[in-house]
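Residue numbers (my numbering): 410 to 629.
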């Protein structure tokens, strides 16, 4: 099974194009204003307008945190997004309503212990595309740069598609994939030179390691 790669926290066309050209499956744009990697919706609209035709199979993901349904829908339409990632405390009903409007939905959960399995279960019956597991750090919704116990993610695979995030880099993503066997991996800070600005070589290396590790899994 191919491990999907999501490059998140993109803020400009050059980085987004480089990620797409390197083989990313998903490009993430953060619309939660508290984030150091927040992007303006008009900038994202320009980026997606260029990349949609050039890379028609790539998923364009908007990341939101406890924003109301109408705001999420409005930004998704404005920016030509096909996927939204909910990174707050959104209930299952919000997922259902977004799915009913034709959007793919990724729901993020912060992992502190194995009770994450109980927390995610109600969302598995909403039409959700994937569960994203990130590291729990008090006071931070995401972007912690700290890994969690990837064995927990492996247990969560029984619930559906799982994406792992939190502290992934070119140096550890291979081990993370072999341990968690996830549907996808998500990286932001691990391939940056500054918040919101990607290190192109690290991004390419990250994706190459994911592909190499996936091929190793398929051979075994």
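For glycine and all other residues, C-beta sits at the position ideal for the given N, C-alpha and C.
Asked                                                                                            : Found
Three-state class that DSSP yields for residue 419 in the structure shown                        : coil
Alpha carbon of residue 416 to alpha carbon of residue 480, nearest angstrom                     : 23 angstroms
First and last residue of the uninterrupted alpha helix (DSSP H) at residue 512                  : First-last for residue 512: undefined, no H or E at that position.
Contact under 9 angstroms by Cβ, residue 474 with residue 438                                    : no
Segments assigned beta strand (DSSP E), at least 3 residues, entirely inside the stretch 457-489 : 468-473
Those residues which DSSP pairs with residue 437 across a bridge                                 : 470
Beta bridge counterpart(s) of residue 427 as assigned by DSSP                                    : DSSP, once it has assigned bridges, lists no residue as partnering residue 427.
Beta-carbon proximity list for residue 413, same chain, < 8 angstroms, skipping 5 on both sides  : 434, 435, 572, 592, 593 and 594
For residue 499, the three-state DSSP class (helix, strand or coil)                              : coil
The ligand PLP heavy atom lying under 8 angstroms from the CB of residue 536                     : Absence of the ligand PLP from the depicted structure is noted, as is the absence of any ligand whatsoever, leaving it without description.
Status (buried if at least 16 other CB within 10 Å, exposed otherwise) for residue 453           : buried
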